[in-house]
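Read in the numbering used here, the sequence shown has 26 at position 26, and its numbers run on one by one without any break.
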Amino acid sequence: MKRFEVSTEIGSLSVTYQKQKKVLVCLNGAGLLPSYENFSLILEKPPPTIGYLTIDFPNTGRSPIHDQAGKNLDNLADAVYEVLEELGISEYILCAHVGVEF
Numbered sequence: 001m002k003r004f005e006v007s008t009e010i011g012s013l014s015v016t017y018q019k020q021k022k023v024l025v026c027l028n029g030a031g032l033l034p035s036y037e038n039f040s041l042i043l044e045k046p047p048p049t050i051g052y053l054t055i056d057f058p059n060t061g062r063s064p065i066h067d068q069a070g071k072n073l074d075n076l077a078d079a080v081y082e083v084l085e086e087l088g089i090s091e092y093i094l095c096a097h098v099g100v101e102f
């Protein structure tokens with residue numbers, strides 16, 4: 001597992017990456033916990049042929065604080081694609097956690 005930052009148009013994003021041909025991409029909603037910790041139970045048990053990538057959006061988890069004025073969901077989606085492209089990930093399964101309470 002490697003933890004590092006990837007520069008995107010919305011700022012630097014903290015990622016945790018375990019390389020494999022197929023990758024489980026875990027996206028966290030807004031919150032203080034890093035994505036890796038939120039998905040730790042899932043990430044402990046993938047088959048050996050599946051890697052993982054967790055992405056902390058700006059101002060969440062381990063990502064630095066960036067001014068997000070004028071940014072929207074499209075900008076976040078574009079940033080995810082930037083990270084995937086930077087790491088050469090083309091085969092992935094998307095897993096998201098939004099933490100909504102009813």
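Ideal placement from N, C-alpha and C gives every residue a C-beta, glycine not left out.
TYR52 and CYS26 have their C-alpha atoms spaced approximately 7 Å apart. Distances from the alpha-carbon of ASN72 to those of GLU9, MET1 and GLY61 put GLU9 closest. In the three-state DSSP reduction, GLU9 falls in the coil class, being neither helix nor strand. The continuous stretches of alpha helix (DSSP H) do not include ILE50, which lies in the beta strand (DSSP E) extending over residues 50–56. Taking the C-beta atoms as reference points, LEU13 is found nearer than 7 Å to SER63.
In the structure shown, the three-state DSSP call for ILE65 is coil.
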